[in-house]
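**Student:** If you scroll down you'll find the structure; I have some questions about it.
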Ligand SMILES: [Zn+2]
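Here it is, written out as structure tokens:
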């Protein structure tokens, strides 16, 4: 009995409290975002807030289940869990049901399950398992390709189901690979590609050429010892210019119209007032409504259930992807900042715990958890505030939906379990 | 190092998010204003605007319904060409006008309602109402417009028009499209007549559908109806004054001396108040506004500020008596003017000499009043002190400053004091001979007709006046005590009798002998004012303005009046005749001096007014002939319709 108690207290309560705060505050905002006038019963199952309360209740069952399993279970069965998740994703092509043009759900009675939410932790487990293998060396191209394949398979399946948002989440693993030894050149190239893509679209190829040339010249001058030939630098410059053209061509011809418009809005590429006016009512509508709702919250917000835009449901999808607009309107700068702070604190806490792990599996998995949460947090809130082009992904623990909530809970609590077991590792 | 990448990125993103939130919510964050909140629909209920009655209970201004098409630009959906054509036809506008109006509304605010086509006729409204649902973003708002029960008193009654942006900025009560009193009592009693509009806040959803009262209607208010008012105007007298003023430019102000109530306030030219109601309002208003020659919107009774001429002489007589520098029996000789040494400071006309006070007033002798004026100023060592004392006496008659009344416009007039001349000539470097024109109401002294009427009332009351005002009664309220408290002049009561006798003799055997009215003891004073205009870039003298000031009866006066007729030449010619007729009309109710009436109605000054803009050389005053018109019959018909 004493041993049991000691073990229970080994869970990292900081993480658990942060989780509870986020879920609790998330529920409060879902209640605001989904109520229609009077709230008669919190368990009213015809309303989203009623269902969410049930989802939250079931979450605790899941948590107990996860924590009561042996920590070794997750490492041992990671491959099977990963395979199961892949099978579920594949199964969607046959049994899945279309919602809003994405084939991402299984329908079971009146319930729907979104397997992509569960594929995240499964992939994180598989990546942790592969990297922690003694044979694996992230500096070798062979392992890099293999580990890339682990994330590429679910990402591709999800993309084929027309859920581009969830696909982007898999870029989170870049942080994991980098932590585990991926060469720095990848980071430099990745950053360069992003910067050059933005410059090409916003300022044109000439700007791209200038920026690339200046950057390469600086690098050439700084690196006096291991200087590559000038020819190589010129070659890279031409590659950069070619890439710029490629990005522009892809933007014009490779993207769907709505994706193109989202990028155009984000970079403010569209100057034609008539077209902008049309966009205000289509692609830009959500963003404008969401920014206005947040702005109208002011310093302290309008108060719980007092948001006029939230009550009027002005922001579409305000219970799911745009839930942060409700936080902004009803809780103002004070409440929104607290939410941002809670997320940052949670992610840093997980990073701190991950670095303290004795087993590489636990550390890599913890890193995966932090990275996935980070990508969701950044893209979702960035999008709702207009800093990032519109990408449909949920805000962890906040957005309405059982699959999402359970997916993130499992993701997080497997790590809590692994962390609690670090003493037994020896 | 590798450990730090994600950590620093997380912190960086957190900071960027906080900064963005700060920018959106605090830095750019506006003060929350429910009226700016697009999620809350504001439904206004406009209360009934108060009616206006004249002093005899005759209804002058009532209300009539009007229907405005309003637009919220952001909610407008693109229409099919057929729908657009139909909509434009219903509104009786072209497609170009449609686009222009929509653009203008958008410029004001894409999310707030703007008037699109104001003031539809009842039949247009009936047709449009059924089809309105088809046109998203447009709706019809019912409002109440004024309905004038009379054709007179446009300057008195004023009108209501849409608020402009500067009003909205200063007074947030008003929203675009709201109506506000623009002139006359509509302006000065705006808040009483207007009442308070009621408001309902309704929560909308993003499809612009109402989904219930906002916060259970906690902030909703009921409209408070505007109050009816009774004004002091006698509409019969007002109508008669306007009739007399036909074909002339000028102003008449008549006051009841024992109350300060304004009985009539005429300005000419005037217009029918009904032309400023309805869809033609802005067209008509623009026409009136830009008529810079006849200036129909310039209320001459309140704003025509000129040297008053001879009527001001009686003030000097009163100051002389009060200061003890002259008594009623002192005589002064007049040699066709006043001489200072061998220099003639002012001229005079031919009359008996020497004259005492009574004769001085009755004959309007300039020399007499220059003598009196110089004695007043020279009583003090420093001419500046003398001037200041003189000015304070004059100002106690309500001259030289705003009357602080309830009229929408006014001018202060001018009574110069010692400082005025110290500034002009230097301290102690001038004396009473420098400004003797003040003695005869010329030079720096200036007054408006309403100030002169009030001056006459103060004289008639033997030393006090009530601030002239236009409000007689407010429904369920009292009028400001400022209007019911007498203001005393600095002249003792006993000094008034000789002056009043002089004014009475103006009628008996003085300059207004021909204007006597059987059975009414009128006291009056003629006046003329020289005036100039810029004609072809040159300052040019025009025919003198005709001025007349009077009160009647001599004891316990019932009416005090000032008449001012632009370019009417001498005082008794136009202004004096009109004053006598107004007094008879008011006291007797009918006219016995039909000869005077006939003369006024058949004599026009339009030719006189055409001179300066004719681009031809012209003559003034005694060297011109008067224009006679033959429209007496027509005028009588007008008079009949006015009475109905
Ligand atoms: Zn004389």
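Chains as they are written, first to last, in full-length UniProt numbering: chain A, 1 to 426; chain B, 1 to 644.
Think of the CB as a built atom: it goes at the ideal place given N, C-alpha and C, for glycine as much as any other residue.
Keep in mind that this is a model prediction, so the values were computed, not measured.
#1: Considering only the alpha carbon of each residue, which of A:393, A:138, A:103, A:346 lies closest to residue 320 of chain A?
#2: Name all residues in chain order for which at least one heavy atom of ligand 1 lies closer than 5 Å to the residue's CB.
#3: Any idea if residue 304 of chain A is buried or exposed, counting beta-carbon neighbours within 10 angstroms, 16 or more meaning buried?
#4: For residue 13 of chain A, name the three-state secondary structure that DSSP assigns.
#5: Using CA atoms only, rank isn't needed, just tell me which of B:3, B:283, B:104 is closest to residue 114 of chain B.
#6: First and last residue of the beta strand (DSSP E) that includes residue 61 of chain B?
#7: I'd like to know whether the C-beta of residue 313 of chain A is nearer than 8 Å to at least one C-beta of chain B.
#8: Return the residue from the list B:488, B:580, B:51, B:519 that minimises the CA-CA distance to residue 526 of chain B.
#9: Quick check on residue 220 of chain B - is its C-beta less than 8 Å from some C-beta in chain A?
#10: Give every residue of the same chain whose Cβ lies closer than 8 Å to the Cβ of residue 380 of chain B, excluding the five residues on either side of it in the sequence, and list them in chain order.
#11: I want to verify the contact list: residues of chain A whose CB lies under 9 Å from the CB of residue 37 of chain B, in sequence order.
#12: How would you list, in chain order, the residues of chain B whose beta-carbon sits under 7 Å from the beta-carbon of residue 370 of chain A?
#13: Taking all protein chains shown into account, decide if residue 615 of chain B is buried (16 or more other Cβ within 10 angstroms of its Cβ) or exposed.
#14: Indicate whether residue 476 of chain B and residue 227 of chain B have their beta-carbon atoms separated by less than 8 Å.
#15: Indicate whether at least one CB of chain B lies closer than 8 Å to the CB of residue 179 of chain A.
#16: Would you list, in chain order, the members of the stretch 236-259 of chain B that have their beta-carbon closer than 7 Å to a beta-carbon of chain A?
#17: Three-state secondary structure (DSSP) at residue 88 of chain B?
#18: Ordered along the chain, which non-local residues of its own chain (more than five positions away) have a Cβ less than 7 Å from that of residue 163 of chain A?
#19: So residue 11 of chain B contacts chain A; which residues on that side make the cut at Cβ distance below 8 Å?
#20: Hey, residue 312 of chain A and residue 205 of chain B are a contact pair by Cβ (cut 8 Å); roughly how many whole angstroms apart?
#21: Evaluate residue 426 of chain A with the Cβ neighbour count: other Cβ atoms within 10 Å of its Cβ, from every protein chain shown; 16 or more gives buried, anything less gives exposed.
#22: Which one or two residues does DSSP pair with residue 501 of chain B in a beta bridge?
#23: Would you call the CB atoms of residue 232 of chain B and residue 263 of chain B closer than 8 Å?
#24: In the DSSP assignment, find the unbroken beta strand (DSSP E) run with residue 340 of chain B in it and report its ends.
#25: My guess is that residue 291 of chain A and residue 279 of chain A are in contact by the Cβ rule of under 8 Å, so how many angstroms apart are they, rounded?
#26: On the CB-based measure, 16 or more other CB atoms within 10 Å of its CB, does residue 269 of chain B come out buried or exposed?
#27: Can you find a C-beta in chain A that's less than 8 Å from the C-beta of residue 26 of chain B?
#28: State the Cα-Cα distance for the pair residue 217 of chain A and residue 4 of chain B, rounded to the nearest angstrom.
#29: What residues from chain A crowd round residue 2 of chain B, counting only those whose CB sits closer than 7 Å?
#30: Listing by chain order, which chain B residues have their CB less than 9 Å from the CB of residue 279 of chain A?
#31: Tell whether a beta-carbon distance below 8 Å holds between residue 300 of chain B and residue 251 of chain B.
#32: Would you kindly report the start and end of the unbroken beta strand (DSSP E) that includes residue 162 of chain B?
#33: Determine which residues of the stretch 316-340 of chain A have a Cβ less than 8 Å from any Cβ of chain B, and write them out in chain order.
#34: Using CA atoms only, rank isn't needed, just tell me which of A:267, A:83, A:369, A:136 is closest to residue 350 of chain A.
#35: Who pairs with residue 549 of chain B in a beta bridge, going by DSSP?
#36: What is the DSSP secondary structure of residue 311 of chain A, counted as helix, strand or coil?
**Tutor:** On the basis of the supplied data:
#1: For the purposes of this step, residue 320 of chain A is taken as the residue at position 320 of the first chain. Ranked by Cα distance from residue 320 of chain A, the first of A:393, A:138, A:103, A:346 is A:393.
#2: Proximity annotation: ligand 1 has residues B:334, B:348, B:365, B:367 in chain order, each selected because its CB is closer than 5 Å to a heavy atom of the ligand.
#3: Within the first chain, the letter at position 304 stands for residue 304 of chain A. Flag for residue 304 of chain A reads exposed.
#4: Here the question's residue 13 of chain A lines up with position 13 in the first chain. In this structure, residue 13 of chain A counts as helix in the three-state DSSP scheme.
#5: Locating residue 114 of chain B in the second chain gives position 114, where the first residue counts as 1. Nearest in C-alpha terms to residue 114 of chain B, of all of B:3, B:283, B:104, is B:104.
#6: Stepping through the second chain from its first residue, residue 61 of chain B is reached at position 61. Element bounds for residue 61 of chain B: 59-71.
#7: What you label residue 313 of chain A is simply residue 313 of the first chain in a count that begins at 1. Yes, residue 313 of chain A counts as interfacial toward chain B.
#8: Within the second chain, residue 526 of chain B is the residue found at index 526, counting from 1. Closest option to residue 526 of chain B, Cα to Cα, is B:580.
#9: Start at 1 with the first residue of the second chain, and residue 220 of chain B comes out as number 220. So, not an interface residue.
#10: Taking the first residue of the second chain as 1, we reach residue 380 of chain B at position 380. The residues are 386, 389.
#11: On the second chain, position 37 is the one that residue 37 of chain B refers to. Near residue 37 of chain B (Cβ distances below 9 Å), the residues of chain A are 296, 308, 309.
#12: To locate residue 370 of chain A, count along the first chain from 1; it is residue 370. For residue 370 of chain A, the chain B residues whose Cβ falls inside 7 Å of its Cβ are 6, in order along the chain.
#13: For the purposes of this step, residue 615 of chain B is taken as residue 615 along the second chain, with counting starting at 1. Of the other Cβ atoms in all chains shown, fewer than 16 fall within 10 Å of the Cβ of residue 615 of chain B; this residue is therefore exposed.
#14: Reading the second chain from its first residue, position 476 is the one you call residue 476 of chain B. Reading the second chain from its first residue, position 227 is the one you call residue 227 of chain B. Yes. Within cutoff.
#15: One-based indexing of the first chain puts residue 179 of chain A at position 179. Yes, contact with chain B.
#16: So the list is empty, because no residue satisfies the distance condition.
#17: Within the second chain, residue 88 of chain B is the residue found at index 88, counting from 1. For residue 88 of chain B, the three-state secondary structure derived from DSSP is helix.
#18: Taking the first residue of the first chain as position 1, residue 163 of chain A is located at position 163. Excluding sequence neighbours, residue 163 of chain A sits near 102, 104, 116.
#19: Numbered from 1 along the second chain, position 11 holds the residue referred to as residue 11 of chain B. For residue 11 of chain B, the residues of chain A that pass the 8 Å Cβ criterion are 344, 348, in the order they occur in the chain.
#20: By 1-based counting over the first chain, the position of residue 312 of chain A is 312. By 1-based counting over the second chain, the position of residue 205 of chain B is 205. Separation of the CB atoms of residue 312 of chain A and residue 205 of chain B is rounded to 5 Å, and the pair is thereby assigned contact status at 8 Å.
#21: Counting from 1 along the first chain, the entry for residue 426 of chain A is found at position 426. The pLDDT assigned to residue 426 of chain A is 44, lower than 50, so where the model puts this residue is not dependable, and the model offers no usable value.
#22: For the purposes of this step, residue 501 of chain B is taken as the residue at position 501 of the second chain. DSSP lists no partner for residue 501 of chain B.
#23: Position 232 of the second chain holds residue 232 of chain B. Position 263 of the second chain holds residue 263 of chain B. In this structure, the beta-carbon distance from residue 232 of chain B to residue 263 of chain B falls below 8 Å.
#24: By one-based count along the second chain, residue 340 of chain B stands at place 340. Segment 337-340, the beta strand (DSSP E) holding residue 340 of chain B.
#25: The count along the first chain starts at 1 and reaches residue 291 of chain A at position 291. The count along the first chain starts at 1 and reaches residue 279 of chain A at position 279. Not really, about 14 Å apart at Cβ, beyond 8 Å.
#26: Counting from 1 along the second chain, the entry for residue 269 of chain B is found at position 269. Around the beta carbon of residue 269 of chain B, 16 or more other beta carbons sit within 10 angstroms, so the residue counts as buried.
#27: For this step, residue 26 of chain B is matched to residue 26 along the second chain. A Cβ of chain A is located within less than 8 Å of the beta carbon of residue 26 of chain B.
#28: For the purposes of this step, residue 217 of chain A is taken as the residue at position 217 of the first chain. For the purposes of this step, residue 4 of chain B is taken as the residue at position 4 of the second chain. Roughly 27 Å separates the two Cα atoms.
#29: Residue numbering aside, residue 2 of chain B sits at position 2 when the second chain is read from its first letter. Neighbours of residue 2 of chain B on chain A, chain order: 178, 179.
#30: Working through the first chain from its first residue, we reach residue 279 of chain A at position 279. Per Cβ cutoff of 9 Å: no residues; residue 279 of chain A is ~14 Å from chain B at best.
#31: The count along the second chain starts at 1 and reaches residue 300 of chain B at position 300. The count along the second chain starts at 1 and reaches residue 251 of chain B at position 251. Yes; because the gap between Cβ atoms is below 8 Å, this pair is in contact.
#32: As a working mapping, residue 162 of chain B is identified with position 162 in the second chain. In the DSSP assignment, residue 162 of chain B falls within the unbroken beta strand (DSSP E) covering 160-162.
#33: Here the close residues are 316, 328, 332, 333, 336, 337, 340.
#34: Position 350 of the first chain, counted from the start, is the residue given in the question as residue 350 of chain A. When only C-alpha atoms are compared, the closest one is A:369.
#35: Working through the second chain from its first residue, we reach residue 549 of chain B at position 549. B:525, B:562, per the DSSP bridge assignment.
#36: For the purposes of this step, residue 311 of chain A is taken as the residue at position 311 of the first chain. Three-state result, residue 311 of chain A: helix.
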